[in-house]
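J.: Protein chains in written order, with our numbering: chain Z, 1 to 178; chain G, 179 to 489. Here you go, one structure.
Below is the structure:
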């Protein structure tokens with residue numbers, strides 16, 4: 001399937017051409033991110049293509065928070081980079097058989113994924129963001145996760161990041177980590 | 179700060195799975211009980227009994243099945259004492275109670291029977307990662323059922339907090355002007371007056387429910403804001419006697435998003451709101467109600483109040 005490319009300034013490129021009009025028709029396209037792509041690039045993309053903000057009611061608020069960040073450092077030293085990845089989880093023994101698929105945005109520290117909900121979004125902006133492999137968890141056994149190459153669509157990226165960052169409404173003076 | 183010689187909560191029930199998922203809630207339960215000189219009851223309900231009278235549980239630590247007899251109950255009580263050893267040393271020994279049954283039903287039954295003034299719970303029974311589908315749908319959980327039906331306020335703790343409750347000084351009351359919101363207001367006001375802290379009266383104009391899909395214009399929004407402010411004054415401010423440490427704020431947008439933003443901006447310590455008793459349509463269950471969305475994401479504790487029986 002034809003991929004679209006997103007550059008560090010948040011522009012979407014299709015066949016090498018910068019998209020200037022509405023991009024809703026590209027929501028289902030697989031994406032490739034520039035090596036320099038950061039979380040800030042993601043929000044720049046929302047500014048270039050405002051219709052993408054309609055995907056989640058949280059995005060407008062996050063943009064307001066980030067644009068008013070003042071002198072806050074955009075790169076926390078507690079994580080090295082950000083990774084966006086997909087998980088397929090099979091449940092069913094004991095209990096009803098169930099398969100769930102979800103996307104996550106995590107911080108990476110020493111090759112380990114770190115939960116981001118205790119970080120302020122302002123402090124994550126300048127971290128590079130990469131697309132990770134698909135994690136396959138069978139019957140809840142997180143010790144034995146299979147990893148596969150996969151692709152991500154533009155919709156998955158926007159919806160997934162919006163969901164994860166919707167947990168980051170911590171007051172600035174509250175910086176508790178677990 | 180001097181507290182009035184009135185007991186705010188005579189009896190606090192901390193409903194716990196006694197697993198790490200409840201650690202943040204445990205800390206606040208112990209601190210609150212000490213602060214308000216309340217009796218603290220740690221209550222743990224084993225899972226649902228099976229058909230035919232047989233009953234076994236799966237221990238969350240070992241993963242092994244065990245039959246529930248008096249020996250097992252004593253074992254669990256001992257485990258709970260060990261789990262909360264540090265908190266017990268710091269704040270005193272609570273009462274331990276365990277029972278088998280459907281957790282939400284038994285918690286509600288126990289609270290009613292014992293005349294509990296406040297129930298404290300963790301928002302989740304598991305430490306799922308936020309991306310998980312389980313995390314996305316909290317409807318149907320014990321917390322949701324208890325918050326919907328409890329006659330007393332339910333304090334839901336989603337995240338660990340070192341500073342929030344012990345010295346909290348900003349209470350945010352979120353209202354949608356429902357009947358249940360009046361009970362939530364009474365709780366928020368009582369707390370604010372008791373502590374002598376600031377009370378924010380907050381309402382979000384739900385722009386997602388504009389009539390016939392027509393987006394309201396600026397004039398119409400301003401009129402609605404004015405009307406909402408007037409309503410807050412007549413429904414709530416008029417009941418506050420000479421208490422004047424309050425502020426009215428009306429924002430427009432999606433209610434749960436605006437409330438979270440407001441809590442962040444004001445560094446709120448406690449959000450108080452109503453959890454409507456209406457059963458949620460299973461088709462809409464994944465979305466949940468405003469209070470559930472707030473509970474899921476809030477950095478500070480959320481008190482869900484539906485009735486004024488215990489206020």
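Note that CB positions come from ideal geometry on N, CA and C, so glycine has one too.
1. Given residue 434 (chain G), which residues of its chain have a CB within under 6 Å of its CB, disregarding the five upstream and five downstream residues?
2. Relative to the C-alpha of residue 194 (chain G), which residue among G:301, G:400 and G:474 is closest?
3. Under 9 Å, CB to CB, which of the residues in the stretch 49 to 75 of chain Z have a partner in chain G?
4. Name the residue from G:200, G:483 and G:217 whose alpha carbon lies nearest to the alpha carbon of residue 358 (chain G).
5. Identify the residues that DSSP records as bridge partners of residue 163 (chain Z): which are they?
6. Closer than 8 Å by C-beta to residue 459 (chain G): which residues in its own chain qualify, once you throw out the five before and the five after it? Chain order, please.
7. Give the interface partners of residue 439 (chain G) over in chain Z, defined as CB-CB distance under 9 Å, in chain order.
8. Could you have a look at residue 188 (chain G) and say whether DSSP puts it in helix, strand or coil?
9. Is residue 435 (chain G) close to chain Z? Criterion is C-beta to C-beta, closer than 8 Å.
10. Within the 8 Å Cβ cut-off, does residue 417 (chain G) reach chain Z?
11. Hey, does residue 194 (chain G) have any beta-carbon neighbour from chain Z nearer than 8 Å?
12. Do you know offhand how far residue 485 (chain G)'s Cα is from residue 329 (chain G)'s?
13. With distances taken Cα to Cα, identify the nearest neighbour of residue 285 (chain G) among G:261, G:264 and G:326.
14. Could you tell me if residue 258 (chain G) is buried or exposed, where buried requires 16 or more neighbouring beta carbons within 10 angstroms of its beta carbon?
15. Could you give the first and the last residue of the continuous alpha helix (DSSP H) run that contains residue 269 (chain G)?
16. Please decide whether residue 468 (chain G) counts as near chain Z, where near means a Cβ-Cβ distance under 8 Å.
17. Following the continuous alpha helix (DSSP H) through residue 424 (chain G), name the residue where it begins and the one where it ends.
18. May I ask which residues mark the beginning and end of the beta strand (DSSP E) holding residue 195 (chain G)?
19. Which residues share a DSSP beta bridge with residue 103 (chain Z)?
20. Helix, strand or coil for residue 136 (chain Z)? Go by DSSP, reduced to three states.
21. Looking at residue 129 (chain Z): is its Cβ nearer than 8 Å to the Cβ of residue 20 (chain Z)?
22. State the Cα-Cα distance for the pair residue 87 (chain Z) and residue 370 (chain G), rounded to the nearest angstrom.
23. Just the chain Z side, please: which residues come within less than 7 Å of residue 260 (chain G) by C-beta, in chain order?
24. If you drop the 5 nearest sequence neighbours on each side, which residues of the same chain put their C-beta closer than 8 Å to that of residue 23 (chain Z)?
25. In its own chain, which residues sit with a C-beta less than 7 Å from the C-beta of residue 157 (chain Z), not counting the 5 before and 5 after it?
26. Name the one or two DSSP bridge partners that residue 91 (chain Z) has.
27. Helix, strand or coil for residue 384 (chain G) per DSSP?
28. Check whether the Cβ of residue 77 (chain Z) lies closer than 8 Å to any Cβ atom in chain G.
29. Quick one, are the C-beta atoms of residue 116 (chain Z) and residue 164 (chain Z) less than 8 Å apart?
30. Residue 110 (chain Z) and residue 160 (chain Z): beta carbons closer than 8 Å?
31. Apply the 10 Å Cβ neighbour rule to residue 337 (chain G) and answer buried if 16 or more other Cβ atoms are within range, or exposed otherwise.
32. Suppose you measure from the CA of residue 272 (chain G) to the CA of residue 200 (chain G); what does that come to, to the nearest Å?
33. Shortest alpha-carbon distance to residue 352 (chain G) belongs to which of G:404, G:374 and G:480?
34. Less than 6 Å between C-beta atoms, sequence neighbours within five positions excluded: which residues of the same chain meet that for residue 461 (chain G)?
35. At a Cβ cut of 7 Å, what residues of the stretch 420 to 433 of chain G count as close to chain Z, listed as they run along the chain?
36. Taking 8 Å as the CB-CB cut-off, is residue 166 (chain Z) touching chain G?
T.: On the basis of the coordinates in this document:
1. Hits under 6 Å: 468, 471 and 472.
2. Out of G:301, G:400 and G:474, the CA that lies nearest to the CA of residue 194 (chain G) is found in G:301.
3. Of all residues in the stretch 49 to 75 of chain Z, 57, 58, 60, 61, 64 and 65 have a Cβ within less than 9 Å of some Cβ in chain G.
4. Taking only the C-alpha atoms, the option nearest residue 358 (chain G) is G:483.
5. Per DSSP, none; premise fails for residue 163 (chain Z).
6. Because residue 459 (chain G) carries a pLDDT of 48, less than 50, the predicted location of this residue cannot be relied on, and the following value inherits that uncertainty. Non-local beta-carbon contacts of residue 459 (chain G) in its own chain, meaning distances under 8 Å to residues more than five positions away in sequence, are absent.
7. 61, 64, 65 and 169, listed in chain order.
8. Here residue 188 (chain G) sits in coil by DSSP.
9. Yes, contact with chain Z.
10. No, no contact with chain Z.
11. At a cut-off of 8 Å between C-beta atoms, residue 194 (chain G) does not count as an interface residue with respect to chain Z.
12. Roughly 6 Å between the two C-alpha positions.
13. When each option's Cα is compared against that of residue 285 (chain G), the closest is G:326.
14. So residue 258 (chain G) counts as buried.
15. That run of the alpha helix (DSSP H) goes 263 to 269.
16. Chain Z contact via Cβ: absent.
17. It is not in any alpha helix (DSSP H) - residue 424 (chain G) instead sits in the beta strand (DSSP E) that spans 424 to 431.
18. First-last for residue 195 (chain G): undefined, no H or E at that position.
19. Z:86, per the DSSP bridge assignment.
20. In the three-state DSSP reduction, residue 136 (chain Z) falls in the strand class (E or B).
21. The Cβ atoms of residue 129 (chain Z) and residue 20 (chain Z) lie no closer than 8 Å to each other.
22. Here the C-alpha atom of residue 87 (chain Z) lies approximately 44 Å from the C-alpha atom of residue 370 (chain G).
23. Those within 7 Å of residue 260 (chain G) in chain Z number zero; the least Cβ separation is about 21 Å.
24. Closer than 8 Å at the Cβ level, and outside the excluded window around residue 23 (chain Z), lie 12, 49, 51, 52 and 154.
25. Closer than 7 Å at Cβ, skipping near neighbours: 31 and 84.
26. Residue pairing by DSSP places residue 91 (chain Z) opposite Z:98 in a beta bridge.
27. If DSSP states are grouped into helix, strand and coil, residue 384 (chain G) belongs with the strands.
28. No - not a single Cβ of chain G is within 8 Å of the one on residue 77 (chain Z).
29. Yes, these two residues count as a Cβ contact at 8 Å.
30. Their beta carbons are not under 8 Å apart, which means residue 110 (chain Z) does not touch residue 160 (chain Z) by this criterion.
31. Flag for residue 337 (chain G) reads buried.
32. Across the structure, residue 272 (chain G) and residue 200 (chain G) are spaced so that their CA atoms are roughly 16 Å apart.
33. For the residues G:404, G:374 and G:480, the minimum Cα distance to residue 352 (chain G) belongs to G:480.
34. Here residue 461 (chain G) scores only 42 on pLDDT, less than 50, and its place in the model is too uncertain to base an answer on.
35. When C-beta distances to chain Z are compared with 7 Å, the residues of the stretch 420 to 433 of chain G below that value are 432, in chain order.
36. Yes, because at least one Cβ of chain G sits closer than 8 Å to the Cβ of residue 166 (chain Z).
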